[in-house]
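Visitor:
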Amino acid sequence: LSHANIAGCSPEELGLLKDLALFHIDSNRFFCIIPDSFIHLKFLYELDISNKLTTTLVVRFPGVVFFLHSLKCLDVRFNEFEGSIPPQLFDLKLDALSINNNRFQSTLPDNLGNSPVSVFVVANNDISGYIPPTLANMAETLDEIVLSNMD
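In this note's numbering, the protein residues as written are 135 to 285.
In structure tokens form, the structure reads like this:
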């Protein structure tokens, strides 16, 4: 459903697609993206909700993501998520995490090194402070990290 010019909310009924493995709704005009019913998607391993085109998007990070235990790739870049980067993201067994170009205002969570990601992009947010020493725990899996344009 990428680039489909779809507007509105994702229907709760999407959670009934229990065998859904990939869900790409990037570059649309959603203002509420992930229904709570996604908690039932036990096989979902790739979720791309990047590049929203509306400014009416709910700005809180979709907490249902933390219950998607098969998820390997999460792309939420170019949205308007605010507040702190959720530390729970780094307890997921993701391979790729793109949270760049949002409005996160925080430090990088201390549990950053818990993540097995090979690609982590957090650029263009209002991130300040130090890089947690736990980053060293990612030495065996991390291939690319992008931290540019942060405070």
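A virtual CB, placed ideally from N, CA and C, is assigned to each residue, including glycine.
Thinking C-beta only, is G247 closer than 8 angstroms to L231?
Guide: No, the pair does not count as a contact, with Cβ atoms beyond the cut-off.
Visitor: Could you check whether the stretch 170-181 touches the stretch 193-213, counting it as contact only if at least three pairs of C-beta atoms, one from each stretch, sit closer than 8 angstroms?
Guide: In the pairwise beta carbon analysis, the stretch 170-181 is classified as touching the stretch 193-213: at least three pairs are separated by under 8 angstroms.
Visitor: Could you check if N283 is buried or exposed, using at least 16 other CB atoms within 10 Å of its CB as the buried criterion?
Guide: exposed
Visitor: What does the alpha-carbon distance come out to for the pair A138 and F157?
Guide: Using only the alpha carbons, I get a separation of about 13 angstroms.
Visitor: Roughly how many whole angstroms lie between the Cα atoms of R194 and D277?
Guide: Between R194 and D277, the C-alpha separation is close to 29 angstroms.
Visitor: Among the candidates P169, F165, F164, whose CA atom is the shortest distance from the CA of L151?
Guide: If we check each option's Cα against that of L151, P169 comes out closest.
Visitor: How big is the Cα-Cα spacing for I279 and V255?
Guide: 6 angstroms
Visitor: Thinking just about the alpha-carbon of each residue, which of P221, T275, N259, K227 is nearest to the one in P266?
Guide: Nearest of P221, T275, N259, K227 to P266, Cα basis: P221.
Visitor: So what's S136 in DSSP terms, helix, strand or just coil?
Guide: coil
Visitor: Going straight from the alpha carbon of L154 to that of D182, what length do you get?
Guide: C-alpha separation (whole angstroms): 13 angstroms.
Visitor: Using CA coordinates, which residue listed in N185, P243, L226 is at the minimum distance from D209?
Guide: N185
Visitor: For D160, I'd like the list of residues in its chain whose CB is within less than 6 angstroms of its CB, leaving aside the five on either flank, ordered along the chain.
Guide: S136, D182, S184, N185
Visitor: Should P250 and T275 be called a contact, given that it needs their Cβ atoms to be closer than 8 angstroms?
Guide: yes
Visitor: Tell me the rounded alpha-carbon separation between A141 and N213.
Guide: 15 angstroms
Visitor: Helix, strand or coil, according to DSSP, for E294 in the structure here?
Guide: One cannot answer for residue 294 here, as it falls past the ends of the chain, which runs 135 to 285.
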